[in-house]
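**Q** Shown below is the structure under consideration.
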Amino acid sequence: MKRRLTLATVAVGAMLALSACGGGGESEPAATGEGGVPLVKEGKLTTCTHLSYQPFQFEKDGEVVGFDVDIVDAVAKKLGVEQEIVNTPFETITTGAAFNQDQCDVAAAAMTITPEREEAIGFSEPYFAANQAVLTKDDKTAKDADALKDFKVGAQAGTTGLS
14 MKRRLTLATV
24 AVGAMLALSA
34 CGGGGESEPA
44 ATGEGGVPLV
54 KEGKLTTCTH
64 LSYQPFQFEK
74 DGEVVGFDVD
84 IVDAVAKKLG
94 VEQEIVNTPF
104 ETITTGAAFN
114 QDQCDVAAAA
124 MTITPEREEA
134 IGFSEPYFAA
144 NQAVLTKDDK
154 TAKDADALKD
164 FKVGAQAGTT
174 GLS
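The C-terminal position of the sequence shown is numbered 176 in my numbering, with every residue numbered one higher than the one before it.
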């Protein structure tokens, strides 16, 4: 399993600098793509993501679209397969559980690379630099983290925005 996901990660990363993930058990791949890249399902590059995170991956008119979707579509085409998208909780991607359970070949979920996540999954070269920010109402200001003590702040669990 680890070998399969490492090969998939290398292939994906080398082709398009996609944030691909891998790690896990020792099972053999069920199928392969062009060039012998191991895949979870025959004829499919199975991508785990967590909807909705515009502009990276989201539903529009009943179809999953976005920047990450377009990148993985190009990789799938290069491998001679089609992309299949699996919507899964973000935590199953960042902990490596989705890979350990053979749910996907790669992940495209616009995630921040952290040391903890690198212990569970393998990353390609980053393809997008993001910064964290806090928006406030006009009548409130905060110049630093200490000034947020009296604010109600919301963030998605399992994201770097929460830290």
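Note that the Cβ used here is the ideal one computed from N, Cα and C, for glycine as well.
CA-CA distance, V78 and Q96?
**A** About 12 angstroms.
**Q** At what residues does the alpha helix (DSSP H) containing N113 begin and finish?
**A** Start and end: A110 to N113.
**Q** Compare the beta carbon distance of T101 and H63 with 8 angstroms and say whether it is the shorter of the two.
**A** It is a contact, given that the beta carbons lie within the stated cut-off.
**Q** Leaving aside the five residues before and after A155 along the sequence, list all residues of the same chain whose C-beta is less than 7 angstroms from its C-beta, in chain order.
**A** For A155, where only same-chain residues beyond five positions count, the Cβ hits under 7 angstroms are V147, T149, L161 and F164.
**Q** What are the boundary residues of the alpha helix (DSSP H) that includes E129?
**A** That run of the alpha helix (DSSP H) goes P128 to A133.
**Q** Could you compute how far the alpha carbon of Q70 sits from the alpha carbon of P128?
**A** Approximately 24 angstroms, taken between the alpha carbons.
**Q** CA-CA distance, V166 and D152?
**A** Their Cα atoms are separated by approximately 16 angstroms.
**Q** CB-CB under 8 angstroms to E47, same chain, minus the five flanking residues each way: which ones, in chain order?
**A** Here the set comprises K91, L92, G93 and V94.
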